[in-house]
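Working notes, structure below.
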Amino acid sequence: MPRILETDLYPPVKAHFVALGYVVKAEVKDADVMAMHPDAPDDTPPVIIELKTGFSLILLHQAIARQSITDQVYVAVPRWKGRAAWKTFKGNISLCKRLGVGVLSVNVDEGTVQVHNDPKPFKPRKNTKRKDVLLKEFDTRIGDPNIGGTPGGGRVTSYRQDAEKCRSYIFENGASKASEVAKATGVERARAIMAANHYQWFERVSKGIYGITELGAKGENP
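Start counting the sequence shown at -6; every next residue gets the next number (this note's numbering).
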């Protein structure tokens, strides 16, 4: 299959906007494509479409630059092929939404255009649950034990710090009731931590009483 060129995208894009009642012209100053509706008021800003054979920072930079002229800015790229390409394309749609840029995909073979997103101001929805989890981790973590960029498996979390308090207490005092460990260490979730035994440091001696394993005595990871 021959390589798709930016010029291959223009006929379907033009036809799409003409069908919507626009007058369309190509290469108007810096704009790849410009569309104006003849029935719109004189002060109506134009629609600008930037054509590219794929998503890139250059394309997004161009789209952002056009936003100094009009809020109605689209980017048009060839339609994806395959699941992996769709996943990448979907991520780019999300990025364009945040930038307030519209997204068009062009099926060159069929000469059709699909609108995935119209240009409009982006108002992100906040995830309160994730924010609360983040704030709790920040507030309960003691000090700053990590180095930025450390892989997830090597991070010290507030959970690990609490587990370490429980481990140290039992190491020094022997097998103990979960309630005693919680009271002595100030770790309210001591029972849950020892029962879950994420680091394989603890062993249940009897109901509600926990000791430490050989691994726990060394304070090592499994």
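Positions of the beta carbon are idealized from the N, C-alpha and C atoms, including for glycine.
Contact between the stretch 67 to 82 and the stretch 91 to 108 is present: three or more C-beta pairs spanning the two stretches fall below 8 Å.
Burial check for N166: the Cβ neighbour count within 10 Å stays below 16, so the residue is exposed. Residues of the same chain with a CB within less than 7 Å of the CB of I86, apart from the 5 flanking positions on each side, are V96, H109, N110 in chain order. Taken atom to atom, the span from the alpha-carbon of R197 to that of H191 is near 13 Å.
For P39 against A56, the beta-carbon gap comes to about 14 Å, at or over 8 Å, which does not count as contact.
DSSP places Q65 in no alpha helix (DSSP H); its state is neither H nor E. Look at K122 here: in three-state DSSP terms it is helix.
In this structure, I186 is the residue among I186, I163, S169, V174 with its C-alpha nearest to the C-alpha of A156.
Minimum Cα-Cα distance from G209 among the listed residues C159, A175, E181 corresponds to C159.
Per DSSP, the beta-bridge partners of N100 are T105.
Annotation for A189: the continuous alpha helix (DSSP H) segment containing it runs 183 to 189.
V16 counts as exposed, since fewer than 16 other C-beta atoms from the protein chains shown sit within 10 angstroms of its C-beta. Shown here, P71 sits in a strand according to DSSP, grouped into three states. In this structure, E43 keeps its C-beta atom at 7 Å or more from the C-beta atom of D23.
Counting other Cβ atoms within 10 Å of its Cβ, R91 stays below 16 and is therefore classed as exposed.
In terms of Cα proximity to E181, the closest of E207, S199, Y152, I163 is Y152.
According to DSSP, residue pairing for L44 in a beta bridge involves A69. Nearest in C-alpha terms to I62, of all of E213, V21, F131, is V21. When beta bridges are read from the DSSP output, E130 appears opposite no residue. Classified as exposed, H54 has fewer than 16 neighbouring CB atoms from the shown chains inside 10 Å of its CB.
Under DSSP, A28 forms a beta bridge with V17, V40.
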